[in-house]
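Colleague:
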Amino acid sequence: MTRGDEQVRVRFAPSPTGQLHIGGARTALYNWLYARHHKGTFILRIEDTDRTRSTEEYINAIIEGMKWLGLDWDEGPYRQTDRFDVYKSYADKLFAEGKAYYCYCSPEKLEQRRQEALAQGKPLKYDGRCRNRESVQEFKDSRIQGKNAAIRFKMPQEGETVVHDLIRGRIVFENVQLDDLIIIRSDGTPTYNFTVVVDDVDMNITHVIRGDDHLNNTPKQIHIYAALGYEIPLFAHLPMILGADKTRLSKRHGATSVTAYKEMGFLPDALVNYLVRLGWSHGDQEVFTRDELIQYFSFENIGKSAAVFNPEKLLWLNSHYIIKSASEKLAELVIPFLIKQGIIEEGQSLNKEWLSKAITSLKERSKTLIELAHLLRYYIAEDVEYNEKAKSKFLNEKSRDLLIELKDKLTDIREFSVEEIEKVFRTIIEKHNVKLGNLAQPVRVALTGGTESPGIFEVLEIVGKEKTLKRLEKAIETIGNS
RNA sequence: GGUCCCAUCGUCUAGAGGCCCAGGACGUAGCCCUCUCAAGGCUAAAACACGGGUUCGAAUCCCGUUGGGACCGCCA
Numbered sequence: 001m002t003r004g005d006e007q008v009r010v011r012f013a014p015s016p017t018g019q020l021h022i023g024g025a026r027t028a029l030y031n032w033l034y035a036r037h038h039k040g041t042f043i044l045r046i047e048d049t050d051r052t053r054s055t056e057e058y059i060n061a062i063i064e065g066m067k068w069l070g071l072d073w074d075e076g077p078y079r080q081t082d083r084f085d086v087y088k089s090y091a092d093k094l095f096a097e098g099k100a101y102y103c104y105c106s107p108e109k110l111e112q113r114r115q116e117a118l119a120q121g122k123p124l125k126y127d128g129r130c131r132n133r134e135s136v137q138e139f140k141d142s143r144i145q146g147k148n149a150a151i152r153f154k155m156p157q158e159g160e161t162v163v164h165d166l167i168r169g170r171i172v173f174e175n176v177q178l179d180d181l182i183i184i185r186s187d188g189t190p191t192y193n194f195t196v197v198v199d200d201v202d203m204n205i206t207h208v209i210r211g212d213d214h215l216n217n218t219p220k221q222i223h224i225y226a227a228l229g230y231e232i233p234l235f236a237h238l239p240m241i242l243g244a245d246k247t248r249l250s251k252r253h254g255a256t257s258v259t260a261y262k263e264m265g266f267l268p269d270a271l272v273n274y275l276v277r278l279g280w281s282h283g284d285q286e287v288f289t290r291d292e293l294i295q296y297f298s299f300e301n302i303g304k305s306a307a308v309f310n311p312e313k314l315l316w317l318n319s320h321y322i323i324k325s326a327s328e329k330l331a332e333l334v335i336p337f338l339i340k341q342g343i344i345e346e347g348q349s350l351n352k353e354w355l356s357k358a359i360t361s362l363k364e365r366s367k368t369l370i371e372l373a374h375l376l377r378y379y380i381a382e383d384v385e386y387n388e389k390a391k392s393k394f395l396n397e398k399s400r401d402l403l404i405e406l407k408d409k410l411t412d413i414r415e416f417s418v419e420e421i422e423k424v425f426r427t428i429i430e431k432h433n434v435k436l437g438n439l440a441q442p443v444r445v446a447l448t449g450g451t452e453s454p455g456i457f458e459v460l461e462i463v464g465k466e467k468t469l470k471r472l473e474k475a476i477e478t479i480g481n482s
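By my numbering, the letter at position 276 of the first sequence is numbered 276, and the numbering carries on one by one without gaps.
Written out as structure tokens, the structure is:
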């Protein structure tokens, strides 16, 4: 049995030194899709061994982000800080077997040597001066003396290491290039390259799917897997996500966290759909349901080159998903945005059916939930504020009589519906021999404050008879006063 | 500097030697629809980085050049 035939076990292993990043989210997504496609296990593991930079807050943010995206995990979240004794025992084992050694070089000394090497244009590699000189006894003595030593892993110094990457194929590394990396710091805590391997071994990970910024770490990790006596997992290194200037996506390119996109009014499905297409494709298809993604996903269709993050396309997908979403669902999602924009009070409830109807009229005009909430204001608020240009262009003597007549006629109709309202409009424009626009635009300004809105009959119906008449009255007064 | 990776429209991509004077999508422009704005429909401009091979034939395979990126930590 080879690795590829085993029950798939994959993991997403973020470090909580920041929010869940767009790039991390895509890595998580690909892991998730791979696991779901193969009916395998998806594990969430928090790599928090950097105690100075990891925070509880970020751990929560990552977990919330994963949940929001709908990427559910089957095991975990495991935390590496809970597993220090595990790493320690593996490190001791390696030391006992002569596969690791203690290093007494101080961080300052090492940094100094690195600088010198850099200045001389030499490779930045640990020179291995502690590699062969330590015996177990000497180590114990040094401990007793209170000297803190780090533990380094003995890398092979000749030959080559081949990484068989599922996306990139065969990649060969010369072992001379490999550094004897530190696996346990002098304070006794384990380092990243060691903990990943130990955890992957312990959790029986079959496929390591991660960003290709880890590609250069892979040969080193392969030797650690081997030293631990574990079969090497299969690797898939994903191309990076870049900013518009083609450098690694970072804060200066704008919003980079999943949370930020949530707050900007994006739908999780839109983000997922956008992210999945950044590097992966299925023919010409652009829009996918989750089930389709799970069904179609495979490494074969993942590209090798880095992708530039394009907010415009995300926006298009988001508007697409908003249009496709049920209004009833959007009615729930938009509430926090209405509160934030001060359109409703916290705890204030709106008639659900009415709100859904209002949203149906606005969906195709909203690229985000923020925009949707903003447009909703003229349906919900008691009053509207006029856009100055719109006011001077449409609320004037030319429209005054039409508005008065409209108001009178609307007052009399029994049913305040699109059909009845339209009849009234038609009667008036025929009588005065004007185009619909001559009446619709002034009414639009009166009802919404501006010149853009859904169909005017629809707007009237949703605003309702009482408010419509009130706003028409106010518009007529405004004309009179100007 | 060393190592590794990558290279099709502005951007995401299709393309597994002939189906490609390169297809789709976002964006851009124009037109249609129309009470406005959208949505939708149609149309247009827009790319195989360069140079050598291999081959009857190359976007596709090989080599080189150039360009970009990542990593080289007692960070992850």
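C-beta atoms are modelled at their ideal positions from N, C-alpha and C, and glycine is treated no differently.
Cutting at 8 angstroms between CB atoms, please list the residues of its own chain near glycine 40, excluding the five before and the five after it.
Modeller: Gln7, Val8, Arg9, Val10, Tyr34, Thr206.
Colleague: Cβ of leucine 369 within 8 angstroms of Cβ of valine 334?
Modeller: Yes, the Cβ-Cβ distance between leucine 369 and valine 334 is below 8 angstroms.
Colleague: Would you call the segment 293-304 and the segment 317-337 touching, i.e. three or more CB-CB distances under 8 angstroms?
Modeller: No, the segment 293-304 is not in contact with the segment 317-337.
Colleague: Compare the C-alpha of serine 366 against each of Tyr321, Tyr378, Gly23, Gly342 and name the closest.
Modeller: Among Tyr321, Tyr378, Gly23, Gly342, the Cα nearest to that of serine 366 is on Tyr321.
Colleague: Helix, strand or coil for alanine 236, going by three-state DSSP, please let me know.
Modeller: Looking at alanine 236 - three-state DSSP - the assignment turns out to be strand.
Colleague: May I ask you to report which of helix, strand or coil DSSP gives aspartate 92?
Modeller: Three-state result, aspartate 92: helix.
Colleague: To the nearest angstrom, report how far apart isoleucine 302 and tryptophan 280 are at their CA atoms.
Modeller: Spanning the two alpha carbons is a distance of roughly 4 angstroms.
Colleague: Among Gly254, Ser305, Thr189, Ile222, whose alpha-carbon lies nearest the alpha-carbon of glycine 211?
Modeller: With distances taken between Cα atoms, glycine 211 lies closest to Ser305.
Colleague: Output the boundary residues of the beta strand (DSSP E) element that contains leucine 44.
Modeller: First-last of the beta strand (DSSP E) with leucine 44: 41-46.
Colleague: Aspartate 127: buried (16+ other C-beta within 10 angstroms of its C-beta) or exposed?
Modeller: That one is exposed.
Colleague: Quick check on the DSSP output: the beta strand (DSSP E) that includes valine 384 runs from which residue to which?
Modeller: Counting along the chain, valine 384 falls outside any beta strand (DSSP E), and DSSP gives it neither H nor E.
Colleague: Leaving aside the five residues before and after serine 319 along the sequence, list all residues of the same chain whose C-beta is less than 6 angstroms from its C-beta, in chain order.
Modeller: Cβ within range, chain order: Lys367.
Colleague: What number of angstroms, rounded off, separates the C-alpha of isoleucine 144 from the C-alpha of serine 186?
Modeller: Residue placement at isoleucine 144 is poorly supported in this model, since its pLDDT is 45, which falls under 50; the coordinates still yield a value, given next. Cα-Cα distance, rounded: 14 angstroms.
Colleague: How about threonine 27 and isoleucine 209: are their beta carbons less than 8 angstroms apart?
Modeller: Yes.
Colleague: In chain order, what residues of the same chain have a beta carbon less than 6 angstroms from the beta carbon of leucine 228, not counting five sequence neighbours either side?
Modeller: For leucine 228, where only same-chain residues beyond five positions count, the Cβ hits under 6 angstroms are Val201.
Colleague: So phenylalanine 266 packs on valine 276, CB below 8 angstroms; how close in whole Å?
Modeller: Contact flag wrong, Cβ pair sits at about 14 angstroms.
Colleague: Would you grab the beta carbon distance between isoleucine 167 and histidine 237 for me? Rounded to a whole angstrom, and I think it's under 8 angstroms.
Modeller: About 6 angstroms separates the two Cβ atoms, so the contact holds.
Colleague: For a test of the three-state rule: what should DSSP assign to glycine 211, helix, strand or coil?
Modeller: It is a strand residue.
Colleague: Given a cut-off of 8 angstroms, decide if serine 15 and aspartate 484 are closer than it, judged by their beta-carbon atoms.
Modeller: Given a span of 1 to 482 for the chain in the structure shown, any question on residue 484 remains unanswerable.
Colleague: Among the residues of its own chain, which have a CB less than 8 angstroms from the CB of alanine 373, if the five just before and after it don't count?
Modeller: Gly265, Val334, Phe337, Leu338, Lys340, Gln341, Ile343, listed in sequence order.
Colleague: Does the segment 115-129 come into contact with the segment 90-98, if we say contact requires no fewer than three beta-carbon pairs (one atom in each stretch) closer than 8 angstroms?
Modeller: No: the two stretches stay apart, fewer than three of their Cβ pairs being nearer than 8 angstroms.
Colleague: In terms of residue numbering, what span does the beta strand (DSSP E) encompassing glycine 76 cover?
Modeller: Start and end: 75-79.
Colleague: Between tyrosine 378 and glycine 449, is the Cβ-Cβ spacing less than 8 angstroms?
Modeller: Cβ atoms of tyrosine 378 and glycine 449: closer than 8 angstroms.
Colleague: Considering Cα atoms alone, identify which of Ile43, Leu110, Arg131 is closest to tryptophan 73.
Modeller: For the residues Ile43, Leu110, Arg131, the minimum Cα distance to tryptophan 73 belongs to Ile43.
Colleague: Looking only at its chain, what residues have a beta carbon closer than 8 angstroms to the beta carbon of threonine 478, apart from the 5 residues adjacent to it on each side?
Modeller: Closer than 8 angstroms at the Cβ level, and outside the excluded window around threonine 478, lie Tyr386, Lys391, Leu395.
Colleague: Go through its chain and collect everything with a Cβ distance to leucine 30's Cβ below 6 angstroms, but skip five positions before and after it.
Modeller: The sequence shown places tyrosine at residue 30, rather than the leucine named in the question. Closer than 6 angstroms at Cβ, skipping near neighbours: Ile209.
Colleague: Would you identify the three-state DSSP class for glycine 146, choosing helix, strand or coil?
Modeller: Because the pLDDT of glycine 146 is 47, which lies under 50, any placement of that residue in the model is unreliable, and the question is left without a value.
Colleague: Nearest to leucine 271 by CA position, among Met66, Ile359, Arg45, is which residue?
Modeller: With distances taken between Cα atoms, leucine 271 lies closest to Met66.
Colleague: How long is the line joining the alpha carbons of isoleucine 421 and glutamate 461, rounded to whole angstroms?
Modeller: Whole-angstrom Cα-Cα distance: 8 angstroms.
Colleague: Would DSSP call threonine 247 helix, strand or coil?
Modeller: Threonine 247: coil per DSSP, three-state reduction.
Colleague: Below 8 angstroms between beta carbons: does that hold for glutamate 160 and valine 172?
Modeller: In this structure, valine 172 lies closer than 8 angstroms to glutamate 160 by Cβ.
Colleague: Considering Cα atoms alone, identify which of Lys313, Phe235, Leu472 is closest to lysine 409.
Modeller: Looking at the Cα atoms, Leu472 is the closest of the given residues.
Colleague: Anyone know if the C-beta pair for threonine 360 and alanine 61 falls short of 8 angstroms?
Modeller: No; because the gap between Cβ atoms is not below 8 angstroms, this pair is not in contact.
Colleague: DSSP state of glutamate 466, grouped into three classes?
Modeller: DSSP places glutamate 466 in helix when its eight states are reduced to three.
Colleague: If you follow the beta strand (DSSP E) that threonine 191 is part of, which residue opens it and which one closes it?
Modeller: From DSSP, threonine 191 is part of no beta strand (DSSP E); its letter is neither H nor E.
Colleague: Which class does leucine 166 belong to by DSSP, given the choice of helix, strand or coil?
Modeller: Note: leucine 166 maps to coil in three-state DSSP.
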